[in-house]
Each structure stands twice: as structure tokens, then as C-alpha cells.
Amino acid sequence: MFRIRPTSARRNILRRGFVFTICGGSLFCMCSTILAQVPASRVGKSPQSPPRQAPAQTAVQPKAVSPETQERIKVAPVQQLSPAESAALERLLAAWEARSSAVTTWSCSFHKWEYNTWSPADTKGEQLAWSENTGELKYASPDKGLFRIKESKQWNAQTRRYEQRTDQPGEHWVSSGTSIYEFRHAERQLRETKLPPEMRGRAISDGPLPFVFGAKAETLKTRYFMRIITPPGVADQVWLEAIPRWQGDAANFSKVELILQSRDLMPFAMQIYKPGGQDRDVYQFDSKTSLIDKGLDLIRDFSKPSTPLGYTFILEDAPTGPPAPAVAPERLPQTAPRSL
2 MFRIRPTSAR RNILRRGFVF TICGGSLFCM CSTILAQVPA SRVGKSPQSP
52 PRQAPAQTAV QPKAVSPETQ ERIKVAPVQQ LSPAESAALE RLLAAWEARS
102 SAVTTWSCSF HKWEYNTWSP ADTKGEQLAW SENTGELKYA SPDKGLFRIK
152 ESKQWNAQTR RYEQRTDQPG EHWVSSGTSI YEFRHAERQL RETKLPPEMR
202 GRAISDGPLP FVFGAKAETL KTRYFMRIIT PPGVADQVWL EAIPRWQGDA
252 ANFSKVELIL QSRDLMPFAM QIYKPGGQDR DVYQFDSKTS LIDKGLDLIR
302 DFSKPSTPLG YTFILEDAPT GPPAPAVAPE RLPQTAPRSL
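Here it is as C-alpha cells:
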């Protein structure tokens with residue numbers, strides 16, 4: 002169970018590796034999700050530049066799941082819900098769906114912490130983040146988005162402090178609704194991937210994390226084992242846990258924990274456990290910069306970005322011709338796992 006100290010919540014998040022955010026869990030994965038669905042022959046793979054101490058951690062990347070891997074993926078045991086708990090979850094998901102469908106635009110700055118096997122520990126043995134980042138997120142329903150890491154610091158074991166990364170800019174992509182624009186800084190490229198018509202208008206809500214905008218109660222219940230995990234005494238937040246039922250989701254993450262604000266059911270934080278359950282990404286949004294249904298320029302914010310000086314622009318058209326036959330995702334066991 003997570004703890005948030007009454008004071009210095011941000012510091013607690015940084016130290017504990019806890020906290021979850023995001024009105025855009027779906028947004029963070031949207032770019033990689035869309036690119037993963039376009040044939041590999043159309044999308045190149047960006048090499049990773051080695052950082053000073055360890056391989057850089059990137060956003061969760063959807064990947065194909067082989068039959069052998071599918072057999073190995075298991076759902077972690079979750080507690081069976083009582084009738085009262087099931088009813089409470091139903092009410093929450095219905096209210097959350099109504100709230101999400103009412104949001105047309107949203108923007109916010111955020112903090113991101115990455116925890117992995119290279120993460121340091123403080124003098125008390127508590128795990129610290131391996132890197133800490135700040136960035137901005139913008140969304141317009143149903144399929145426009147912007148994600149940009151503006152500042153990144155990485156732990157230096159020699160100086161035992163976080164130091165500014167200046168070797169290359171952070172992750173940055175834009176979705177116009179018809180194309181994805183991705184900055185590949187290691188290759189000094191700006192790539193445009195055009196979306197096929199059948200993927201337009203639904204990319205965000207159909208992404209690997211449809212927890213926020215466009216989240217449908219029935220979709221959430223079908224794709225995830227969900228339960229409310231709000232700690233006793235917490236009245237201004239609702240905490241949720243989601244464990245994937247489907248093989249495709251389980252290939253991207255093993256568990257997601259979210260905190261919604263009780264007053265408006267907008268996300269406060271989110272923690273994404275990567276497959277294996279050890280590495281995790283932690284996001285928290287700055288409520289002071291949160292703007293709902295105002296403050297966005299739909300043309301300027303989501304249009305084609307300018308190609309930076311020294312970069313090469315590369316256009317990758319979506320494939321033409323009839324789409325491949327749809328294949329239903331392989332599903333994990335239908336019965337709920339045994340109680341803990």
C-alpha cells in the first residue's frame with residue numbers, strides 16, 4: 002500500500018517511487034502504440050545512445066508477443082471482490098466514464114520518475130529514482146495529443162546527486178489525428194507516420210492504457226481486473242488498481258495503480274509497473290497548471306512541428322490496400338485469480 006506524507010508530497014513521491022498519475026496514461030503510450038500497429042517495414046527503430054551510467058529507460062514500448070511468451074504470461078493473484086466492493090467499483094467506473102466523455106481538451110505539466118535496477122538507495126535503504134523528469138502534456142478529444150520531456154536529470158553514483166542530462170533532448174511527439182510526428186534525437190530526425198483511416202479518431206481511447214479520456218466502463222472491466230484500493234482515512238482521492246486480462250496488455254505492463262481526485266475524478270497520479278514487476282514509471286501532474294477545456298490552440302498545438310536545424314525530415318506513409326484480417330487478441334484466463 003502506498004503512503005503520501007501530509008507535507009512535501011513531491012519529495013515522498015520521489016523517494017518512495019510511489020505515485021501515479023495521469024490524465025494521460027493513454028496518451029503516454031499512444032505514440033508507441035500507433036507506431037507498433039503500423040507494419041514494421043514502415044517504421045524504423047531508433048537506437049539508444051548509452052547514458053553515462055546505464056541504458057536509458059524509455060516509455061513503455063508495446064511489443065509483439067510470441068506464442069511462447071504468451072504461455073509464460075500469468076496474471077498476478079488479485080483479491081476477489083465482495084458484492085459491496087463490486088457495486089462500489091461499478092458506480093465509480095460509470096461516474097468516471099461520464100466525466101471523461103465530458104472533457105474535450107486538457108493540458109498540464111507533469112513530473113516523471115523512473116525506477117529500475119540501477120536506482121540508488123538513500124541512507125535508510127529506501128529506493129530513489131534513477132532519473133527525474135519534467136514535461137508537458139496536451140490532449141484534444143479524441144485523437145490529438147502532445148507529449149514532451151522538457152528537462153531530465155539522472156542520478157550520478159560518484160557525486161550522489163541528480164545531474165542535468167545535456168547529451169540529447171527528451172522524448173517528444175505530436176499526434177495531429179492523422180499523423181504521428183516523432184522526434185528521434187539520437188538520429189537527428191523528425192519522422193512523420195501517417196495513420197491509416199481505420200486508426201483515426203480512436204487511437205487514444207483504444208491504446209494500451211484507456212484509463213482517462215474516452216475510458217468506457219465496459220472496456221475497462223473487459224480488459225482489466227480492477228479494484229478500489231483507497232487507504233482508510235483518505236477522503237479527497239480515489240485509488241484504483243488495474244491488472245491486465247489480455248495478453249497484449251500484459252506484454253506492455255504488469256499492473257497500473259492510479260489516483261483520481263475525488264472532487265472531479267481527474268487523475269492525480271499513476272504508477273506503471275513494467276512486465277516483470279520490477280521497473281516502473283511514476284507520473285504526477287501539477288494541478289496548478291492543469292487546464293480543462295480551455296487554453297489550447299487546436300491548430301498550433303497539434304500541427305506538424307518544424308524540423309530543427311540539422312535534423313532530417315522523414316515521411317513514412319501508412320500502407321495502402323485492404324487492411325489485414327483482424328485477429329482477436331489472445332486472452333488470459335477468464336476466471337478471476339485466487340484470493341490472496
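Numbers given in this note's numbering equal positions in the sequence shown, counted from 1, plus 1.
Positions of the beta carbon are idealized from the N, C-alpha and C atoms, including for glycine.
Through-space distance from Gln-159 to Asp-265, alpha-carbon basis = Residue numbering aside, residue 265 sits at position 264 when the sequence shown is read from its first letter. Residue numbering aside, residue 159 sits at position 158 when the sequence shown is read from its first letter. Roughly 44 Å between the two C-alpha positions.
Straight-line gap, Arg-348 to Leu-82 (C-alpha atoms, nearest Å) | In the structure as shown, the chain starts at 2 and stops at 341, and residue 348 therefore has no counterpart that could be examined.
Would you kindly check if the distance between the Cβ of Glu-317 and the Cβ of Thr-167 is under 7 Å?
-> Counting from one through the sequence shown, the residue named residue 167 turns up at place 166. Counting from one through the sequence shown, the residue named residue 317 turns up at place 316. No, Cβ-Cβ distance for Thr-167 and Glu-317 is not below 7 Å.
From Met-271, Val-239, Ala-122 and Ile-150, pick the residue whose C-alpha is nearest to that of Tyr-284; which is it?
-> What you label residue 284 is simply residue 283 of the sequence shown in a count that begins at 1. For Tyr-284, the nearest C-alpha among the options comes from Met-271.
Residues near Lys-154 by beta carbon distance below 7 Å, same chain, minus five either side = Taking the first residue of the sequence shown as position 1, residue 154 is located at position 153. Excluding residues within five positions, the ones whose Cβ falls inside 7 Å are Ser-132, Glu-133, Tyr-163, Glu-164, Gln-165 and Arg-166.
Candidates Asp-237, Leu-191, Ser-255 and Tyr-116: closest to Val-175 by CA position = Position 174 of the sequence shown holds residue 175. Its Cα nearest to that of Val-175, the residue Leu-191 stands out among Asp-237, Leu-191, Ser-255 and Tyr-116.
Per-residue DSSP class, three states only, for Ile-23 | Here residue 23 corresponds to residue number 22 of the sequence shown, with the count starting at 1. Below a pLDDT of 50, predicted positions are generally treated as unreliable, and Ile-23, at 34, falls in that range; the measurement from the model is reported next regardless. When secondary structure is reduced to three states using DSSP, Ile-23 falls in the coil class, being assigned neither helix nor strand.
Tell me Arg-228's beta-bridge partners as DSSP assigns them.
-> In the sequence shown, the residue the question calls residue 228 occupies position 227. DSSP, once it has assigned bridges, lists Glu-242 as partnering Arg-228.
Start-to-end residues for the alpha helix (DSSP H) that takes in Gly-249 | Position 248 of the sequence shown, counted from the start, is the residue given in the question as residue 249. First-last of the alpha helix (DSSP H) with Gly-249: 248–251.
Between Arg-100 and the rest of its own chain, which residues show a CB-CB distance below 6 Å, the 5 nearest in sequence each way excluded?
-> As a position in the sequence shown, residue 100 is number 99, starting the count at 1. Closer than 6 Å at Cβ, skipping near neighbours: Leu-266.
Per-residue DSSP class, three states only, for Pro-68 = Taking the sequence shown and counting its residues from 1, the one referred to as residue 68 is at position 67. At Pro-68, the pLDDT of 38 sits below 50, so the modelled position is not reliable; the number obtained from the coordinates is stated separately. Helix, per DSSP.
On a CA-only basis, which of Pro-276, Asp-280, Tyr-274 and Ile-229 is nearest Pro-84? Give me that one, please.
-> By one-based count along the sequence shown, residue 84 stands at place 83. It is Ile-229.
When the Cα atoms are used, what is the spatial distance from Glu-1 to Asp-294?
-> With the chain covering only 2 through 341, there is no way to say anything about residue 1.
What residue range is occupied by the uninterrupted alpha helix (DSSP H) comprising Pro-84?
-> The residue given as residue 84 occupies position 83 in the sequence shown. For Pro-84, the uninterrupted alpha helix (DSSP H) run begins and ends at 84–103, by DSSP.
Selection from Leu-129, Pro-309, Arg-189 and Gly-178 that minimises the alpha carbon distance to Asn-117 = Residue numbering aside, residue 117 sits at position 116 when the sequence shown is read from its first letter. Nearest to Asn-117 by C-alpha distance, out of Leu-129, Pro-309, Arg-189 and Gly-178, is Leu-129.
DSSP three-state assignment for Glu-127, whether helix, strand or coil = Stepping through the sequence shown from its first residue, residue 127 is reached at position 126. DSSP places Glu-127 in coil when its eight states are reduced to three.
So Ser-110 packs on Thr-290, CB below 8 Å; how close in whole Å?
-> For the purposes of this step, residue 110 is taken as the residue at position 109 of the sequence shown. For the purposes of this step, residue 290 is taken as the residue at position 289 of the sequence shown. Taking 8 Å as the upper bound for CB-CB distance, Ser-110 and Thr-290 are in contact here, some 4 Å apart.
Please report the residue range of the beta strand (DSSP E) in which Ile-150 lies.
-> Indexing the sequence shown from 1 puts residue 150 at position 149. Unbroken beta strand (DSSP E) run through Ile-150: 145–157.
Return the first residue and the last residue of the beta strand (DSSP E) that Ile-260 is part of.
-> Numbered from its first residue, the sequence shown carries residue 260 at position 259. It spans 256–262 - the beta strand (DSSP E) in which Ile-260 sits, taken as one unbroken run.
Please name the residue or residues paired with Glu-199 in a DSSP beta bridge.
-> Your numbering for residue 199 matches position 198 in the sequence shown. BP columns for Glu-199 are empty, so no partner.
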